[in-house]
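Numbering (this note's numbering), first residue to last: 754 to 1210. Everything on this sheet refers to the single structure shown next.
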């Protein structure tokens, strides 16, 4: 709560009263003022109105120093009282505790202005309303700032009016304070790219107003709190690049989740049902298994999908290619079966490489921007529409390490466009096409003959 002004005034009055009692005896040591001298001159005629003349007494150095010290003390006390009068006393103390646990990395000057004789609401990164700290942005927001080091003090959880807490990238270590679960107004929590470790506090999932939880690029471990799936308004969960383990929680259909980013962890198990509200789903580089054809069709609002580098298997639903996607990354799994898009696939990046897809190359993929189909089991000829696409929207076409037998050239395209990013090596084409390929495609131009006859007509 905001400290009452009457209390601040009372405290100030008590300070003045105490100091006046202390300083008053020193008045006799001070030389008379000109006003007092003039009063003496007038006292001859009006003794009742004038102050009796006192013989000036020499002021020694000790008395002068004492007087100066007390005057300085008065000023300091006034500053402290003024600061306390604008910020809740509890928040004032919690900010001091937070400051003691953190320091600037070399090259950072964030805390240089945190002078607690001034109003903390004027500190960089501190935002107040009605005498309470409502937002705390720790660290310089400039690009390239080295950030902070130290630990997050449990006192953060006692800033009970806090609605936003962020931390710039740096070297802040230790656990995420459990006490943050007491900040019932917390809406935004972003502590990414530091050295935080331990488990994610389970209480964060119960915060009624939390919308964004970003603890990415840290060293957090343990399972995901199951209650995250039931958080009432949580729409952004960004926990990528940690060491989290266990299974994904099962989200309710009505969850308002828009972004779920859990890539580069140690998660396992199958893909549970996810809310259709999702726009961004990134689960790459985990150990997830099983089929996805029962889960993905419901996620028709996705504009980013990354399931790469897992152990998923089975077919890819045709409906996925019709989502409003900008990026589709399904590489390095065990997906199998034919590719069956229902219409043109106008996706900027389609990466289906390093799987077990079979059948022919769909011509509808010519509308993509960058198309990676390498290292699969695709057969037949490369459709003319794909070759023609290299003169338009299609910027890159990787088809190496398949079982393709030729290229279909249409009358409109008599040859492969010069400079096209097309890789066809290690297929079953005779003679093999010599096209510029990435180094990782290998040096071999054609599959061994004993691997190809079964695919030729």
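Just so it is clear, CB atoms sit at the ideal spot from N, CA and C, and this is done for glycine as well. Computed from a predicted structure; not experimentally measured.
Nearest-angstrom Cα distance between residue 978 and residue 1046?
If I take the Cα positions, the gap works out to 26 Å.
Give every residue of the same chain whose Cβ lies closer than 7 Å to the Cβ of residue 1075, excluding the five residues on either side of it in the sequence, and list them in chain order.
1095 and 1096
Where does residue 847 land, buried or exposed, given buried means 16+ other C-beta within 10 angstroms?
With 16 or more Cβ atoms within 10 Å of its Cβ, residue 847 is classed as buried.
Give the DSSP-derived three-state secondary structure of residue 1069 in the structure shown.
coil
If I measure Cβ to Cβ from residue 1033 and keep anything under 6 Å in the same chain, skipping five residues before and after, which residues do I get?
1012 and 1057
Does DSSP put residue 959 in a helix, a strand or coil?
helix
Residue 917 lies in the alpha helix (DSSP H); which residues open and close that run?
Looking at the DSSP string, residue 917 is not in any alpha helix (DSSP H); the run it does join, the beta strand (DSSP E), is 917 to 920.
Where the alpha helix (DSSP H) through residue 851 begins and ends:
842 to 854
When 1147, 1069, 945 and 1024 are compared against residue 928, the one with the closest alpha-carbon:
945
Alpha carbon to alpha carbon, how far is residue 1043 from residue 1145? Give it in angstroms, no decimals.
The alpha-carbon atoms of residue 1145 and residue 1043 are separated by roughly 37 Å.
On the DSSP bridge list, what partners appear for residue 1135?
The partner list for residue 1135 (beta bridge, DSSP) reads 1160.
With DSSP run on the structure shown, which of helix, strand or coil describes residue 1148?
coil
Thinking C-alpha only, which one of 992, 1024, 1055 and 1108 is nearest residue 1018?
992
Nearest-angstrom Cβ-Cβ length linking residue 905 and residue 892, presumed shorter than 8 Å:
With 8 Å as the limit, residue 905 and residue 892 do not qualify as a contact, their Cβ atoms being about 12 Å apart.
By alpha-carbon positions, which one of 1117, 1009 and 1087 ends up nearest to residue 1071?
It is 1117.
Comparing C-alpha positions only, which one of 1139, 1131 and 1169 sits nearest to residue 1157?
1131
Go ahead and label residue 1138 buried or exposed: buried means 16 or more other beta carbons lie within 10 angstroms of its beta carbon, across all protein chains shown.
buried
Does DSSP put residue 781 in a helix, in a strand, or in coil?
For residue 781, the predicted model reports a pLDDT of 47, less than 50, meaning its position is unreliable; a value from the coordinates is still stated below. Residue 781: helix per DSSP, three-state reduction.
Beta strand (DSSP E) runs wholly inside the region 1076 to 1127, at least 3 long, in chain order
The region 1076 to 1127 contains these whole beta strand (DSSP E) runs: 1080 to 1082, 1087 to 1090, 1102 to 1104, 1109 to 1112 and 1123 to 1125.
Taking just the CA atoms, how far does residue 871 sit from residue 804?
Low local confidence applies: a pLDDT of 45 at residue 804 is under 50, so the model's placement there is unreliable, with the coordinate-based value given in what follows. Approximately 42 Å between the Cα atoms of the pair.
Any idea if residue 1109 is buried or exposed, counting beta-carbon neighbours within 10 angstroms, 16 or more meaning buried?
exposed
By Cβ distance, which residues of its chain are closer than 7 Å to residue 759, with the 5 residues on each side in sequence left out?
Annotation note: pLDDT 42 at residue 759 (below 50); position unreliable, coordinate value reported separately. Here the set comprises nothing.
Is residue 932 helix, strand or coil when you go by DSSP?
helix
Secondary structure, beta strand (DSSP E): runs of 3+ residues fully inside the region 968 to 1037
If you keep only unbroken beta strand (DSSP E) runs of at least 3 residues inside the region 968 to 1037, you get 972 to 976, 989 to 991, 996 to 999, 1012 to 1014, 1019 to 1023 and 1033 to 1035.
Give me the Cβ distance between residue 1054 and residue 1038, rounded to the nearest whole Å; I'm assuming they're in contact under 8 Å.
No, residue 1054 and residue 1038 are not in contact; Cβ-Cβ is about 24 Å, not under 8 Å.
Does DSSP put residue 950 in a helix, in a strand, or in coil?
strand
Just tell me which of 875, 1078 and 1069 has its CA closest to the CA of residue 1101.
1078
Could you check whether the region 948 to 964 touches the region 883 to 892, counting it as contact only if at least three pairs of C-beta atoms, one from each stretch, sit closer than 8 Å?
no
May I ask you to report which of helix, strand or coil DSSP gives residue 1188?
coil
Could you tell me if residue 810 is buried or exposed, where buried requires 16 or more neighbouring beta carbons within 10 angstroms of its beta carbon?
Since pLDDT at residue 810 reaches only 44, below the 50 mark, its modelled position is unreliable, and the value read off the structure follows with that caveat. Exposed, by the Cβ-count rule.
What are the partner residues of residue 965, as DSSP defines its beta bridges?
941 and 989
First and last residue of the beta strand (DSSP E) that includes residue 1040?
Residue 1040 -> beta strand (DSSP E) spans 1040 to 1044.
What does DSSP give as the partner residue(s) for residue 903 in the beta ladder?
Looking at the DSSP assignment, residue 903 forms a beta bridge with 855 and 925.
Would you list the one or two residues that DSSP bridges to residue 1059?
1035 and 1082
Might you give, ordered along the chain, the residues of its own chain that have their beta carbon closer than 6 Å to the beta carbon of residue 1177, omitting 5 neighbours on each side?
1152, 1186 and 1188
Measuring straight from C-alpha to C-alpha, what distance separates residue 1199 and residue 1193?
15 Å
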